[in-house]
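>
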Amino acid sequence: MSELRELTPGQLAWLKFRRHRLAMIAAGSLIFLYTIAIFCEFISPYTPEQRNSRAINAPPMDVRFFDAEGQFNFRPFVYDLELTINPDTWMREYEEDASTAYPIRFFTRGEPYEFWGLFEAERHLFSVDPNGPGYIHWFGTDSLGRDVFSRVLYGARVSLSIGVVGVGLTLFLGVLLGGFAGYLGGIFDSAVQRMTEVLQSIPTLPLWMALSAALPAAWSPITTYFGVTIILSLFGWTTLARQVRGRFLAMREEDFVVAARLIGANDQRVVFRHMLPSFSSHIITTATLAVPAMILGETALSFLGIGLRAPVVSWGVLLQQAQNYQVIVMTPWLLLPGAFIVVTVIAFNLLGDGLRDAADPYSSLRQQ
Amino acid sequence: MSRLFQKRLADKLHPGDSIVSLAFLASLAIQPANGAELEVPDAWLKPAQTASQLGITSFSQSAYLDNRDLPPVEERLPDDPIVIVPLDSIGTYGGVANITHEDRGMFIPPEGIFTIAPDHKTILPNLAESYAYNEDGRELTITLRRGLKWSDSHPLTTEDILFSINDLQLNKNFMPVTLPDFIGLEVIAIDDRTFVFNFPSPEPFYINYMAQSPEYFLMPKHYFREFHPDYADEEVIAERMEELGFSDWSAFMTTSMQRRLFPDLVNHPTTSAYKIESLTPGLYSYERNPYFHKVDTNGQQLPYIDAIEAQDVREPEIAVAKASTGQLDFAGVRLPTQDIPLLKLGERTSGIKVNVWNRLHGSDLSIQANMNFADEQKRTLFADVRFRRALSMAINRNEMNDIIYFGRGTPRQVTVVPGSDYFEPEFATAWAQYDTDAAEALLDEIGLHDVDGDGVRELSDGSPLTLTVEYVDTETPKQISMELVVSYWNAVGLDVRQRLIDRELQYSRAISGELEMTVWHADRTTDVLFPINPDFWVPRKLAASLAMWSEWSRWYLTDGNLGEEPPPEIRQLQLWADELATTMDRDRRIEVGKLILAANAENVWTIGTVGLAPQPVVTSNRLKNVVESGLWGWDIRYTMPYHPATWFFDQ
Chain A
1 MSELRELTPG QLAWLKFRRH RLAMIAAGSL IFLYTIAIFC EFISPYTPEQ RNSRAINAPP
61 MDVRFFDAEG QFNFRPFVYD LELTINPDTW MREYEEDAST AYPIRFFTRG EPYEFWGLFE
121 AERHLFSVDP NGPGYIHWFG TDSLGRDVFS RVLYGARVSL SIGVVGVGLT LFLGVLLGGF
181 AGYLGGIFDS AVQRMTEVLQ SIPTLPLWMA LSAALPAAWS PITTYFGVTI ILSLFGWTTL
241 ARQVRGRFLA MREEDFVVAA RLIGANDQRV VFRHMLPSFS SHIITTATLA VPAMILGETA
301 LSFLGIGLRA PVVSWGVLLQ QAQNYQVIVM TPWLLLPGAF IVVTVIAFNL LGDGLRDAAD
361 PYSSLRQQ
Chain B
369 MSRLFQKRLA DKLHPGDSIV SLAFLASLAI QPANGAELEV PDAWLKPAQT ASQLGITSFS
429 QSAYLDNRDL PPVEERLPDD PIVIVPLDSI GTYGGVANIT HEDRGMFIPP EGIFTIAPDH
489 KTILPNLAES YAYNEDGREL TITLRRGLKW SDSHPLTTED ILFSINDLQL NKNFMPVTLP
549 DFIGLEVIAI DDRTFVFNFP SPEPFYINYM AQSPEYFLMP KHYFREFHPD YADEEVIAER
609 MEELGFSDWS AFMTTSMQRR LFPDLVNHPT TSAYKIESLT PGLYSYERNP YFHKVDTNGQ
669 QLPYIDAIEA QDVREPEIAV AKASTGQLDF AGVRLPTQDI PLLKLGERTS GIKVNVWNRL
729 HGSDLSIQAN MNFADEQKRT LFADVRFRRA LSMAINRNEM NDIIYFGRGT PRQVTVVPGS
789 DYFEPEFATA WAQYDTDAAE ALLDEIGLHD VDGDGVRELS DGSPLTLTVE YVDTETPKQI
849 SMELVVSYWN AVGLDVRQRL IDRELQYSRA ISGELEMTVW HADRTTDVLF PINPDFWVPR
909 KLAASLAMWS EWSRWYLTDG NLGEEPPPEI RQLQLWADEL ATTMDRDRRI EVGKLILAAN
969 AENVWTIGTV GLAPQPVVTS NRLKNVVESG LWGWDIRYTM PYHPATWFFD Q
């Protein structure tokens, strides 16, 4: 008997989730992206506002292991770029100068920054030639010579966190309002239902726009950030609230709830000890699937120029600055933040998919 | 004249082929702003000769006008039409030019009594045959050419000029506040070609004003009298206004005659080379004015191109895209400097030519700190010359030139163009060197120290100092420039916020002195406008572009009744400006102009960044006779000196 190990629901879910290959990859990518976002000051070689006037609209640089003679170098390096403005085409042309190579060095001192706004630091994960003229821009630079790689990382912090913070707020509102509506019923339920319907019937984009336009321009970047987050969550909670309410309604009459109540458990215990855990997995899944919507919402608002504004760097802001004909023809690397958005959104959707399967470990058995 | 040009001409002009002699076509190389040589025919710099002077006796017209039930071309032209020498070659008739709405003021510049020569200083007679000032400069006698006609065949006479001035400019119902240039003006018609202006004070530059703002002086009386309460029945006018969609006659008249880039919202008779054929919201169509008063050296009535289609293109980006893909025959006004490489890319594939002209803006940015601002602390700070010099020296103009202008602009302060009579090199360079140490030393000296050690300077009493720059991102690259400027100012410890605002807001807040700091572009830098409108250097006007001294201007404009009395050195500027505009002594004029500019250079009342910036002017390969380089800007009405009527399509 002791040989037979019992699996807790959590372990079961984990086993199930591990078998979902895509979800595992997605989870890995997201952990990677969030780590980058958390440590962006350290990982990025430059600060987002740092300008390199020798590299304006420079294309992404090649990071090399093999030098001009075909010799393998263990330490990767970049070649110096020489900028000339073509007198006929007015094009800024960058030519690699194979005689000057800058090896990539790790944990170098560079532009000082404030880590998490807490303490001053100046170590960067990597850079080239910290005090000399060499530079590395492996995602290229923008029209002011700012490093696109560094800006994408700093943008990741804002864009990725706005998803999580926004969904946190959504969850709070959704579970609170949905839960009470479902459990209490009556007038409160009707009120919440009607409110939900009204909110869902309004087209979101114009509403977002109106509210964003109402954000005072004098607000500091950080207040604007929270303003935008609140706007996004205020309209995101309705779906979740409906689901939660539905679950509560259905579960109120379930045997185990009735039993708990008959034993004499109070409302609080019934709700938090018995009812919520039984569909927490469902909530987590819904929340995961809601994150990309938040990220896209922020991107859309910023892209339209009514969400976050420079000097805040978010993926939406970066794309907003790249939304013209000139960029597509001349400097397509400025669209790279778009690729990050796509990857993030896909990853969240796959993760949500995996979580949904895992949350119900017996689903595949039932199908058989 | 370049050898190449001469050769090309020699190729074209076989003996006997044309009545034009080579000597006549000799051209002068003018030194324009950027130092490159601008080559134009010599004839463009002198009063245009007439057909009789050149022995041209037969005239011809475009086939477009054949079978149109018009009088013969000889009768439509003035008795002795003026002859415009084309830039490269005699053109052929025909074709429809595709442009955007915004460029129609450039393709069809106004044709006034006077015009501006391509040296950007000489004023030449256009519809006028001759003009003369009396000795003290208070009387100007002008004689119009014989036989001038409006585009609807009605004769153009002194009646029209009297109407424009007495019934419009001096009519209190139409202009409740008379424009300064018309105050006290008296105009007398001697006959139907000759009229006399009597000025209350000497006006040696009145012809500059008439050349640059022709719309104020030339309104067709026979057309507008039908809408004018002094001539027509009020009820009839009200009916007509309702038909045309205007609230009242003065709104209609204002729209008709506004001195602006797009003067043609009303289809009234014109003197320009083209007249409106039809107006739809998306497309304005123009066709040649059959009564246009100019011919080429072969006696062909100008313009060469028969018609113009101006599309409504709202987004500047679309204008760039259309220009770079060869969908426009001429484009300039919406094309930013930064897009030159993109446009040049189109040169290889789309059959266009990208000419790079130079904007005549003394500086693309005029950064203004409001010395009449309501906040006492800020006002004191901005009025301190050390502070303005520190702001100026903290700016790395060479880097701005490299980043924004491909290194092809000129780092300089707000001052006149190098070709001007009033220019001295040090006006452009004073306090313009990049020297953060000197800037920081000045800020320290004023008492702006970083008290709490956060890297940002506080006011001398320890309270925080935040500068707010509010501006409209229009015409020149202001936003990208200000991003750089703000970063330079941050680097010397100044906390600066910037915000884009609406144009209307800019106007109302600038004239009421509510803008703390703002940015505009500085034109009026040529000898056409500087002597009459030295607005960036002297407080004497209220405008959206002038936010640094609104109260001193108000004081000047109201003879001391409103506003604030300026300090002595500012008052001196106003006195100098008055003298500059009225003195008949040429040497004294230049001396006073230089005094004004020298005081500005020393005091940095407005801060410049990079001027004489490259301006792309895109033409399709089939469009000929367009100058390759020139000055681009309001002072000279963009293309007025370069004769767009002689542009033609190579078939």
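Here the protein sequences line up with chains A and B, keeping their order.
Here my numbering is used: the first residue of the first sequence is 1, the next is one more, and so on.
Here my numbering is used: the first residue of the second sequence is 369, the next is one more, and so on.
Ideal Cβ positions, reconstructed from N, Cα and C, are used throughout, including at glycine.
Shortest alpha-carbon distance to Glu681 of chain B belongs to which of B:Thr665, B:Asp674, B:Pro582, B:Ala699?
Taking the second sequence and counting its residues from 1, one reaches residue 681 of chain B at position 313. First, the residue type needs correcting, since residue 681 of chain B is Val and not Glu in the sequence shown. Answer by Cα proximity: B:Ala699.
> Run through the DSSP bridge pairs and tell me what Trp725 of chain B is partnered with.
Stepping through the second sequence from its first residue, residue 725 of chain B is reached at position 357. Within the DSSP secondary-structure output, Trp725 of chain B pairs in a beta bridge with B:Gln983.
> With a cut-off of 7 Å, does the C-beta of Tyr79 of chain A fall near any C-beta of chain B?
Locating residue 79 of chain A in the first sequence gives position 79, where the first residue counts as 1. Not closer than 7 Å to any Cβ of chain B, the Cβ of Tyr79 of chain A fails to qualify, so no.
> Determine the chain B residues that contact Tyr325 of chain A at a beta-carbon separation under 7 Å, and present them in chain order.
To locate residue 325 of chain A, count along the first sequence from 1; it is residue 325. The contacting residues are Glu685, Val688, Ala689.
> Run down chain B in chain order and give the residues with a C-beta less than 8 Å from the C-beta of Met209 of chain A.
Against the first sequence, residue 209 of chain A aligns to sequence position 209. Residues of chain B passing the Cβ test: none, with the nearest at roughly 17 Å.
> Can you give me the C-alpha to C-alpha distance between Leu508 of chain B and Thr951 of chain B, rounded to a whole angstrom?
On the second sequence, residue 508 of chain B is found 140 positions in, with the first residue counted as 1. On the second sequence, residue 951 of chain B is found 583 positions in, with the first residue counted as 1. For Leu508 of chain B and Thr951 of chain B, the distance between alpha carbons rounds to 15 Å.
> What does the Cβ neighbour count give for Lys846 of chain B, buried or exposed, with the cut at 16 atoms within 10 Å?
For the purposes of this step, residue 846 of chain B is taken as residue 478 along the second sequence, with counting starting at 1. Per the 10 Å Cβ criterion, buried.
> How many angstroms separate the CA atom of Tyr934 of chain B from the CA atom of Val753 of chain B?
Within the second sequence, numbered from 1, the residue matching residue 934 of chain B stands at position 566. Within the second sequence, numbered from 1, the residue matching residue 753 of chain B stands at position 385. A quick correction: the sequence has Pro, not Tyr, at residue 934 of chain B. Pro934 of chain B and Val753 of chain B: Cα-Cα distance of roughly 15 Å.
> In chain A, what lies closer than 7 Å to Glu851 of chain B by C-beta?
Translated into the one-based positions of the second sequence, residue 851 of chain B becomes position 483. Those within 7 Å of Glu851 of chain B in chain A are Leu144.
> List in chain order: all unbroken beta strand (DSSP E) runs of 3+ residues lying wholly within the stretch 19 to 96 of chain A.
64 to 66, 72 to 85
> Residues of chain B with CB under 7 Å from Trp90 of chain A, in chain order?
Along the first sequence, read from residue 1 onward, the residue named residue 90 of chain A stands at position 90. Those are Ile708, Pro709, Lys712, Phe774, listed as they occur along chain B.
> Would you say Met195 of chain A faces chain B, with C-beta separation under 7 Å as the test?
Taking the first residue of the first sequence as 1, we reach residue 195 of chain A at position 195. For Met195 of chain A, the answer is no, since every Cβ of chain B falls outside 7 Å of its Cβ.
> Checking the sheet assignment: what are the DSSP bridge partners for Lys992 of chain B?
Within the second sequence, numbered from 1, the residue matching residue 992 of chain B stands at position 624. DSSP lists B:Phe1016 as partners of Lys992 of chain B.
> Can you check whether the C-beta of Ile673 of chain B is within less than 7 Å of a C-beta belonging to chain A?
Here residue 673 of chain B corresponds to residue number 305 of the second sequence, with the count starting at 1. So, not an interface residue.
> Tell whether a beta-carbon distance below 7 Å holds between Ser156 of chain A and Ile230 of chain A.
In the first sequence, residue 156 of chain A corresponds to position 156, counting from 1. In the first sequence, residue 230 of chain A corresponds to position 230, counting from 1. A small fix is needed here, since residue 156 of chain A is Ala in this sequence, not Ser. No, these two residues do not count as a Cβ contact at 7 Å.
> Just mark Glu114 of chain A as buried or exposed, buried being the case when its beta carbon has 16 or more other beta carbons within 10 Å.
Counting from 1 along the first sequence, the entry for residue 114 of chain A is found at position 114. Counting other Cβ atoms within 10 Å of its Cβ, Glu114 of chain A stays below 16 and is therefore classed as exposed.
> Which complete alpha helix (DSSP H) runs does the stretch 661 to 705 of chain B hold, if anything under 4 residues is left out?
Within the stretch 661 to 705 of chain B, the complete alpha helix (DSSP H) runs of at least 4 residues are 684 to 692.
> Is there contact between the stretch 872 to 883 of chain B and the stretch 911 to 926 of chain B, where contact requires at least three CB pairs shorter than 8 Å?
yes
> Among B:Tyr461, B:Phe567, B:Tyr1006, which one has its Cα closest to the Cα of Val701 of chain B?
Sequence index remark: in the second sequence, residue 701 of chain B carries index 333 (1-based). Of the listed residues, the one whose Cα sits closest to Val701 of chain B is B:Tyr1006.
> So which residues on chain A does Glu882 of chain B lean against when the C-beta distance must stay under 9 Å?
Taking the first residue of the second sequence as position 1, residue 882 of chain B is located at position 514. In chain order: nothing, as chain A lies at least about 15 Å away.
> Considering just the uninterrupted stretch of the alpha helix (DSSP H) at Ile605 of chain B, what are its terminal residues?
As a first step, residue 605 of chain B must be located in the second sequence, where it is residue number 237. Per DSSP, the unbroken alpha helix (DSSP H) holding Ile605 of chain B starts and ends at 602 to 612.
> In the DSSP output, what is Met885 of chain B paired with across the bridge?
Mapped onto the second sequence, residue 885 of chain B falls at position 517. B:Ala737, B:Val837, per the DSSP bridge assignment.
> Check whether chain B comes within 7 Å of Val329 of chain A, counting only Cβ atoms and requiring the distance to be less than that.
Taking the first sequence and counting its residues from 1, the one referred to as residue 329 of chain A is at position 329. For Val329 of chain A, the answer is yes, since a Cβ of chain B falls inside 7 Å of its Cβ.
> Put Pro631 of chain B into one of helix, strand or coil per three-state DSSP.
In the second sequence, the residue the question calls residue 631 of chain B occupies position 263. For Pro631 of chain B, the pLDDT reaches just 47, beneath the cut-off of 50, and the residue's location in the model is therefore unreliable, although a value from the coordinates is still provided. Pro631 of chain B: coil per DSSP, three-state reduction.
> For Asp189 of chain A, does the three-state DSSP call read helix, strand or coil?
Here the question's residue 189 of chain A lines up with position 189 in the first sequence. In this structure, Asp189 of chain A counts as helix in the three-state DSSP scheme.
> Residues of chain B with a CB under 8 Å from the CB of Ser53 of chain A: which are they?
Taking the first sequence and counting its residues from 1, one reaches residue 53 of chain A at position 53. Within chain B, the residues whose beta carbon sits less than 8 Å from that of Ser53 of chain A are Glu767, Asp770, Ile771, listed in sequence order.
> Ignore the nearest five residues each way along the sequence and tell me which others in Val985 of chain B's own chain have a CB closer than 6 Å to its CB.
If you number the second sequence from 1, residue 985 of chain B lands on position 617. Contacts found: Gly700, Asn723, Trp725.
> On the DSSP letters alone, give me the boundaries of the alpha helix (DSSP H) that Glu443 of chain B sits inside.
Taking the second sequence and counting its residues from 1, the one referred to as residue 443 of chain B is at position 75. Glu443 of chain B -> alpha helix (DSSP H) spans 441 to 444.
> For a test of the three-state rule: what should DSSP assign to Ile481 of chain B, helix, strand or coil?
Walking along the second sequence from the start, residue 481 of chain B turns up at place 113. Three-state result, Ile481 of chain B: coil.
> Anything in chain B within Cβ reach of Ile56 of chain A, meaning under 8 Å, just list it in chain order.
In the first sequence, residue 56 of chain A corresponds to position 56, counting from 1. Per Cβ cutoff of 8 Å: Asp770, Ile771.
> Does the stretch 322 to 341 of chain A come into contact with the stretch 702 to 711 of chain B, if we say contact requires no fewer than three beta-carbon pairs (one atom in each stretch) closer than 8 Å?
Taking 8 Å as the limit for Cβ pairs, the verdict is that the stretch 702 to 711 of chain B does touch the stretch 322 to 341 of chain A.
> For the stretch 818 to 851 of chain B, enumerate the residues whose C-beta is nearer than 8 Å to any C-beta of chain A, in chain order.
Ile848, Glu851
> Check the Cβ of Glu49 of chain A against every Cβ in chain B and list those closer than 8 Å, keeping chain order.
Locating residue 49 of chain A in the first sequence gives position 49, where the first residue counts as 1. The contacting residues are Ser855.
> In the DSSP assignment, what residue or residues form a beta bridge with Ile162 of chain A?
Within the first sequence, residue 162 of chain A is the residue found at index 162, counting from 1. Paired residues: none, contrary to the question.
> Please report the straight-line C-alpha distance between Pro477 of chain B and Gln745 of chain B, rounded to a whole angstrom.
As a first step, residue 477 of chain B is located in the second sequence; it is residue number 109 there, counting from the start. As a first step, residue 745 of chain B is located in the second sequence; it is residue number 377 there, counting from the start. Distance between the alpha carbons of Pro477 of chain B and Gln745 of chain B is about 47 Å.
> At the 7 Å Cβ level, is Ile231 of chain A part of the contact set with chain B, yes or no?
Working through the first sequence from its first residue, we reach residue 231 of chain A at position 231. Not an interface residue.
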